[in-house]
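J.: Sharing a structure below in structure tokens format, with a few things to ask.
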Amino acid sequence: MRDGYRSATAGLRERISALRTDVERATRDAPEIVLALLPDELHAETERALADDALADADASIEALTALDAALSRVAAELAAAVARADDELRVEREPRDPPPSRDTRPYLLEEPLQARARAAVELAVFAHDRFAEMKRWGDAQYVMRFAPDAIACILHVHLRDLAVAGGPGLARAVARLSTSIPPVLPDVRLRPETTTLRALRALRFVREAEVGDADLDAGYLLEAPPRLAACMTRAARAPLIALRSLDAEIRTRRGALEIDWSAPLDRSSFPGLDDAVAAALAIRRAVTVPGAAA
């Protein structure tokens, strides 16, 4: 009887060892975004199963080993299913859409000669990312440019405002939004510059904040997102996000779109924020899609 019991246990132990190896490989090799989108309950069950020491205990009961086998089987199946779904779920389904014209009616309109110079400065900055970019007028002192840095379709919407009203040096103040497409399965995410008002709302728990363990990002932005997803996105785009903080940039995802808003004075030779916004958008888009899934 003793030998028979040992034989049955040995087979179960071999199965558990193989399952543990499969789970460890899956959590190591799966794209970060796949793991970031898994429910917290599955992360907790995975940690418990991998921490269970029944396999290392020579005197573990068959009940304990059976329970560990069942837990690892569930985790392995869930991880395999998530990876298999990734090619379909983490896919960019459409190109970014043109924004609606701004309804802003404040006296920020530019005279045409100055507007033409400001428009040329925007074009010059965008052409540095894609020499085939196209601009079209989108309303009073508003323009939309379609371009594809690194073959990723983006839309830049710029509203030019008169610096005589907006204040500051340069040709005009550019109120800008850069958009690109991301998988629509992603939940809504919002990164807002840390302000006194937001700090007060956070203290009163009127806003839900995630922290990513990066002092500069956690101090510079209020991150409203599932923590693992926030970490995945911000780690990929850390440097440009930190740079954009000085321009009070706001980043959000919603309904399959990633949008970055900022405002900066525009002059003939520079468009502050554009390079960093492009870098952040491309890095985040790459982080939230899996290789081969982007349309």
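If you want our numbering, it's the position in the sequence shown, counting the first as 1, plus 507. Glycine included, every Cβ here is placed at the ideal spot set by N, Cα and C.
#1: CA-CA distance, P779 and L667?
#2: Spatial neighbours of I791 within its chain, please: CB distance less than 7 Å, with the 5 preceding and 5 following residues excluded, ordered by chain position.
#3: Could you name the residues that DSSP lists as bridge partners for A764?
#4: Specify, as a first and last residue, the run of the alpha helix (DSSP H) that L724 falls within.
#5: Could you pull the start and end residues of the alpha helix (DSSP H) that F654 belongs to?
#6: In the DSSP output, which residue or residues are listed as bridge partners for G780?
#7: Relative to the C-alpha of Y650, which residue among V633, D657, R638 and A660 is closest?
#8: Please report how far the alpha carbon of P606 lies from the alpha carbon of H664, in whole angstroms.
#9: Would you mind working out which of A589, G518, G646 and R653 sits nearest T534, comparing C-alpha positions?
#10: Contact between the stretch 555-568 and the stretch 715-729 is defined here as three or more beta-carbon pairs at a separation below 8 Å; is this criterion met?
#11: With G763 and E600 assumed to form a contact (beta carbons below 8 Å), what rounded beta-carbon distance in angstroms separates them?
#12: Count the other C-beta atoms from every protein chain shown that fall within 10 angstroms of the C-beta of D657, then say buried if there are 16 or more, exposed otherwise.
#13: What number of angstroms, rounded off, separates the C-alpha of G727 from the C-alpha of V682?
#14: Any beta-carbon of chain C closer than 9 Å to the one on I662?
#15: Among D647, P691 and P772, which has the Cα closest to the Cα of L678?
#16: Once DSSP output is grouped into helix, strand and coil, what is the label at V599?
#17: Identify, in the order they occur along the chain, each residue of the same chain with its Cβ nearer than 6 Å to the Cβ of R697, setting aside the five sequence neighbours on each side.
#18: A577 and D529: beta carbons closer than 9 Å?
#19: Using a Cβ-based criterion (distance less than 8 Å to any ligand heavy atom), does A591 qualify as near the ligand MG?
#20: Compare the C-alpha of S524 against each of I767, D547, L557 and D536 and name the closest.
T.: Answer, in terms of the structure:
#1: By 1-based counting over the sequence shown, the position of residue 779 is 272. By 1-based counting over the sequence shown, the position of residue 667 is 160. Their backbone Cα atoms lie some 14 Å apart in a straight line.
#2: Here residue 791 refers to the residue found at position 284 of the sequence shown. Excluding sequence neighbours, I791 sits near M740, A743, A744 and L765.
#3: Within the sequence shown, residue 764 is the residue found at index 257, counting from 1. S688 and R761.
#4: For the purposes of this step, residue 724 is taken as the residue at position 217 of the sequence shown. A722 to G727 is the span of the alpha helix (DSSP H), which, as asked, contains L724.
#5: Numbered from its first residue, the sequence shown carries residue 654 at position 147. Element bounds for F654: not the alpha helix (DSSP H) but the beta strand (DSSP E), Q649 to F654.
#6: As a position in the sequence shown, residue 780 is number 273, starting the count at 1. The partner list for G780 (beta bridge, DSSP) is empty, contrary to what the question assumes.
#7: Counted from its first residue, the sequence shown places residue 650 at position 143. Comparing Cα positions, the closest option is V633.
#8: Translated into positions along the sequence shown, residue 606 becomes position 99. Translated into positions along the sequence shown, residue 664 becomes position 157. In a straight line, the C-alpha of P606 is about 7 Å away from that of H664.
#9: In the sequence shown, the residue the question calls residue 534 occupies position 27. Comparing Cα positions, the closest option is A589.
#10: no
#11: Stepping through the sequence shown from its first residue, residue 763 is reached at position 256. Stepping through the sequence shown from its first residue, residue 600 is reached at position 93. Right, their Cβ atoms sit about 6 Å apart.
#12: Within the sequence shown, numbered from 1, the residue matching residue 657 stands at position 150. D657 should be labelled exposed.
#13: As a working mapping, residue 727 is identified with position 220 in the sequence shown. As a working mapping, residue 682 is identified with position 175 in the sequence shown. Their backbone Cα atoms lie some 21 Å apart in a straight line.
#14: Of the protein chains in this structure there is only one, and it is not chain C.
#15: The sequence position of residue 678 within the sequence shown is 171, counting from 1. The option with the nearest alpha carbon to L678 is P772.
#16: Along the sequence shown, one-based indexing puts residue 599 at 92. Reduced to three states, the DSSP call for V599 is coil.
#17: Numbered from its first residue, the sequence shown carries residue 697 at position 190. Closer than 6 Å at the Cβ level, and outside the excluded window around R697, lie E731 and R759.
#18: Your numbering for residue 577 matches position 70 in the sequence shown. Your numbering for residue 529 matches position 22 in the sequence shown. Result no, Cβ atoms of A577 and D529 do not sit closer than 9 Å.
#19: Among the ligands in the structure shown, none appear at all, so the ligand MG cannot be discussed.
#20: Here residue 524 refers to the residue found at position 17 when the sequence shown is read from its first residue. It is L557 whose Cα lies nearest to the Cα of S524.
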